[in-house]
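Residue numbers (this note's numbering), protein chains in the order written: chain A, 1 to 497; chain B, 498 to 678; chain C, 679 to 1294; chain D, 1295 to 1597.
See structure below.
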């Protein structure tokens, strides 16, 4: 046993607090420490995941209070995979941003503290089994995200951050409302307990709670009318932070939403709602993406579209659908992060980050451009890269559920996606460089980070079996609500004995 | 057999007959004489019954008809056209101007005697010669051909240097391909 | 390890090695490239036999690769052209940039074409299909000309087709729980009625995009014209045939089982014929050889599509035969254009004239190819066209045969334009220095032109594998019936009637050529093209009197009513309309934080208002 | 071997017959034209003289290999179509190479020669030649439509692509196809006007305008071969029409009568017509003649 799930939260939180202290002793340590912590967490996550796959869900109880009352962490195949993914992304983004703000110690310190908080919060959202605890983690994540958005202290980034804050506080409000509703009705905050008692709630309260949850979590999960903050935040935040948003934060939001819908309440119509809202998100944001002339905004909108697709896949609700959604989630995390990471080097020295300023970068930044193209191909879903499998599994799941019209819609939206990504690739490789742009060579650690992502894309593309076994278990775990309740609650019983 | 003199004679007779009765005319309408050709060719005088017929290009033509005075400028083109024609070829000088300059006898840029520049087989006198005269000219040419005496082209080849000298004398910028017969 | 795995490993590994070798040395790169193509060809023909299969599974999808006799017909095109084009491109691409990139994509597209032919299941079919698309796309934009136009057009239409196919595949998968193509074939008659209509339509969308059929053809002329000629020969010759490959499968396995397939067949056949006519007219209007050949490719594919759609055994035979022939002659012609481009730097008819004496071998091979294209006996094109007409008449497609014939007659116009524009006309001082292309470029052309002649006289060489392939598709053998019945072929499929005619043609030609040569041999002289009968005027050295501007103006004036409307403008209008619409919609994201807050509130209100209908 | 000799002999005989008949027709054309224009006109054998004269020209020039071979190409078309088209009913006297599918073969071989010659014309570098060729090809795209429509109508009506079969049909029923398929005949005859390139469709080689177009650089022996080919081809085409529409012929005299009657149509139409521009002529062929062609196909398909 390397450790227990609680370390996923304790260690990075501790590290976040240690960073300024250690920084006083040895300046370089503020850079190294997060990496060490994340590496440890990654090893831990992978070992735990292996274990979970064979022996079943690990439920850890904090502070000795047994489940219905105490806080517990659930490391099931489903949450485990998400946590592992987030930690992996966190680690890669750490590699990428190792030299970030190299000269400025204070800034770097802030960055790494906030980054660790972000990872902690996101992992916490996924692992926790307590609904109020989840709220707390959401707040941790959000606050560090606000701060990271405004990191550059420009006018624009402050504005973006403020928008995020505005909408985010609304989100907290609604979340809190929902939690209050539940607590007043059921007197419990434990997810498993709520799930087992949900039928006792009055239906109108239940629906109200679901609606508030959808709104509150929807803001984090970036569903359509609630995602106005996304493009600004993604575009104004530093490149690695954008990647972290796409690869970590959104995933946590989606997880929370899915958990509410799949496990907590069995309100009818939520699956259809997911599909409708996912499709709307996808269509509108892809349409917006094609009209963007700034690279990062385009990537942000595209990210919204992808998340919409993931929601649709979850909304199908079958085991296949969830499997496909997980696949899409992983692909999006890897592909979009790669795009953000490499894209921010492509427009490194330009003030406005216009797409036209990537012209001709293929000649000057061959590796970065190649990886960007690879990421774009993966995100678009070109075989034999990883994105294709996700899309294919999603399609076949939808077809099994007899949702042919949805497939057609998704495919036509994919066409739009394809167009704007290929436009950028064309610009990178076949246009003449704008004279006022001086390309910036990526640092070694950045190249390593991006190349790792590229290799993962290729490996999954050529050998999807690598993860599909885990994903099948994960999707079964999500669907098997009874087992979740039993796992959590029985752990409590065990302790009492 | 082919080299046999008698058979060669027969072949010559047939060939001359054919050449004589099939005259494809390239009418070089230089001067006012060109106006006499339409009546010659059309219903009234109908030169086609003699086998005379218009040719479109020098490559296909047998007879070059110089209808009237020649300026030095047109002379160059006429020489070019003549040199592009295929053997056997004949030249008919048409009207007084080709013989001695006619009414342009003292013009500074008109050719007075055509046969100083190209070998003329038949001159048709008159200013203008009437279609009857033209027809009689063709008949005369046919007789010459039958007799094998219409050998202007041969003369041109033999005395090329003399002709060239005369031609270059009046044509200032001589930029022409070599004559390759 | 199975030979099929080795084949793909070889091609894929070769591609990567070639890409890497580019950094090391040019010679190594070229050698690796050619060796990869050669080795895989040899491997395919010696070690992989018809009927070999290999099973494996990815993520619980069981897949199968293998080769059948039908795939072998097309593998002939792919590998044959691949070998020719690889030799050609080594010489053609010499001294250009980004060769590693080019060769990599070249090999990947060859590999994916082989993959398409060897996929027995729909998923690997789709994967290879998409790989073929992007690898060819990357070559289309290789020259960097019109990237956003031709490249994006190509990728949009390809993706449109590919997504249609993906949709069809998941429909099949959801319904039969199997991805095997044979399973699909067997299950198709029992599909629900709506599936029976939609599946062929979706599949055909994918395949007709690659085969450049009428409403979906707009990408083709630009894409063919803008990619390097070394690849266009493969692109137009082999890659477009993948569309035909798929179409034939759809017609054989699906359309045959439609309750009423006549309208379906007629629609596609007519679309093919209209493609042929319109593309021919547009080819006539072009002044650039690349464009001309590109449109001509579209037109030729139109005939093939018609043949496929009519679908009688003879029509299918002709479509397959024409596919092989088209691959040969169009590849030769594109290579010839490439050779001219390499030697003179331009491909415009209005700029280059009179190359016949400078590039005689290129001229001879393109002459043969043009004769094949025009369908004049005794070259291969005639056999195919003859079978097409015969089949159309036998299957009572009266107007269709006129349409095809019109296209094929008008094709003479651009055929002549091609030969005249480059090789004939006045020989200019400007092009005096031009020399024959390097041997490595000329040889493939000569070989293919010779093959065209051989296949024209002995079509049986090609017809027999085609016949085997058609038997795989469920046709009864055509060998005994059609070949001998038609009177043109003997039982071996060779042109028996053509032999005396060929003697007659050859004899007459020789006899009169001898007369022309011997008669007055000494008095016959060669004169230059400056020595022409132009009203006694001598053209100066720099005066080019060749007629090349507005070459077919009168004809185009006669047909201008049908050429007024271009498909492209409609698509452009649609695209612009869509973008404007997107732009309008995009303003939902106003960039104003207050608006976003309002959205949240409104969303909540809406959810609360409709909560019963949503979650009731 | 014996067979080859037999066929060669047949070919030579047919060639001589076709040549003499064709060239006489062309001479008669000139004579009749002259009479219509109220002239006396040349003798009927004038074209013989012209041909001999062209042959006895001493020198000639060419602009390259293609130009040199051009007339031979067109001769191939003339001779091969003569060999494929049955001259008399039942292949009497003139051995023939016809086969099932020869109609389609003919359609293509009839293009072979003009295209080959066009290449030769192109090599001369004379702009007039190239212009003439483009006009000729455009016009060909025009008249091939009604012509093919007529042929297709016959093919589908009698389920054959062989000329001999069509002839047999007429011999057996005793009815000429000209009467049983009148629209096909009309369309074909209108197409024939274009095929003969007499006025109003003589824009290809209009002497006053293009200096005889594709032939403008040909003289002497080249023109000789082309003229002979033209006369042979004239005869071949007329024979084809007689075979298809007018029941063929049992002996040469009937053939000559029939072909000459047919020949009068383009000749007289030509004498009395001015000249069409290219696009006008192309559109003309796609107008009424094609309409008749369609009617012919309808007739064949429905009845």
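C-beta atoms are modelled at their ideal positions from N, C-alpha and C, and glycine is treated no differently.
Query                                                                                                                                  : Result
Residues that residue 1211 (chain C) contacts on chain D, provided the C-beta gap is smaller than 8 Å                                  : 1420, 1505, 1510 and 1511
Outcome for residue 1396 (chain D) when other beta-carbon atoms lying within 10 angstroms are tallied against a minimum of 16          : buried
Contact set for residue 1036 (chain C): own chain, Cβ-Cβ below 6 Å, skip 5 residues either direction                                   : 1112
Inter-stretch contact at 8 Å, needing at least 3 Cβ pairs: the stretch 355 to 374 of chain A / the stretch 425 to 444 of chain A       : yes
Any 3 or more C-beta pairs closer than 8 Å across the stretch 591 to 606 of chain B and the stretch 554 to 561 of chain B              : no
Residue 658 (chain B) - DSSP class collapsed to helix/strand/coil                                                                      : helix
is_contact[residue 163 (chain A), chain C] using C-beta, thresh 8 Å                                                                    : yes
Alpha carbon of residue 1204 (chain C) to alpha carbon of residue 1230 (chain C), nearest angstrom                                     : 29 Å
Enclosing beta strand (DSSP E) for residue 1354 (chain D) [first to last residue]                                                      : 1354 to 1356
Continuous beta strand (DSSP E) assignments of at least 3 residues falling wholly in the stretch 904 to 946 of chain C                 : none
Contact belief for residue 519 (chain B) with residue 1347 (chain D) at Cβ below 8 Å, rounded distance in angstroms                    : 4 Å
For residue 1026 (chain C), three-class secondary structure by DSSP                                                                    : strand
Residue 1402 (chain D) at chain C interface by Cβ criterion, 8 Å                                                                       : yes
Residue 190 (chain A), DSSP secondary structure in three states                                                                        : strand
Backbone secondary structure at residue 1306 (chain D) - three-state DSSP                                                              : helix
Residue 537 (chain B): CB within 7 Å of a non-hydrogen atom of the ligand FAD                                                          : Among the ligands in the structure shown, none appear at all, so the ligand FAD cannot be discussed.
Cross-strand partners of residue 561 (chain B) (DSSP beta bridge)                                                                      : B:523 and B:588
Where the stretch 579 to 598 of chain B meets chain D: residues whose CB sits under 7 Å from a CB there                                : 583, 584 and 585
Own chain residues within Cβ distance below 8 Å of residue 497 (chain A), not counting five before or after                            : Interpretation of residue 497 (chain A) is limited by its pLDDT of 40, a score under 50 that renders its predicted location unreliable; the figure taken from the coordinates is listed afterwards. Nothing meets the Cβ criterion.
Endpoints, the alpha helix (DSSP H) within which residue 1557 (chain D) is located                                                     : 1546 to 1565
Minimum Cβ-Cβ distance from residue 1199 (chain C) to chain D less than 8 Å                                                            : no
Selection from A:372, A:325, A:322 and A:480 that minimises the alpha carbon distance to residue 336 (chain A)                         : A:372
Contacts that residue 545 (chain B) makes with chain D (C-beta to C-beta distance below 9 Å)                                           : 1324, 1328, 1333, 1334, 1335, 1336 and 1340
Residue 244 (chain A) vs residue 93 (chain A) beta-carbon contact at 8 Å                                                               : yes
Cβ neighbour criterion (16 or more within 10 Å) applied to residue 251 (chain A)                                                       : buried
Straight-line gap, residue 74 (chain A) to residue 488 (chain A) (C-alpha atoms, nearest Å)                                            : 8 Å
Per-residue DSSP class, three states only, for residue 60 (chain A)                                                                    : strand
Three CB pairs or more closer than 8 Å across the stretch 1413 to 1420 of chain D and the stretch 1507 to 1520 of chain D              : yes
Cβ pair residue 645 (chain C), residue 795 (chain C) closer than 8 Å                                                                   : Since the first and last residues shown for chain C are 679 and 1294, residue 645 (chain C) lies out of range.
Rounded straight-line distance, which links the Cα of residue 566 (chain B) to that of residue 534 (chain B)                           : 15 Å
Limits of the beta strand (DSSP E) - the one that residue 742 (chain C) falls within                                                   : 739 to 744
Any chain C beta carbon closer than 8 Å to residue 269 (chain A)                                                                       : yes
Check whether residue 947 (chain C) and residue 980 (chain C) have beta carbons under 8 Å apart                                        : no
Cβ-Cβ distance between residue 1219 (chain C) and residue 1142 (chain C) below 8 Å                                                     : no
Residues of its chain near residue 969 (chain C), where Cβ-Cβ distance is below 7 Å and the 5 sequence neighbours each way are ignored : 899 and 903
Residue-level contact to chain D via CB, residue 1205 (chain C), 8 Å cutoff                                                            : yes
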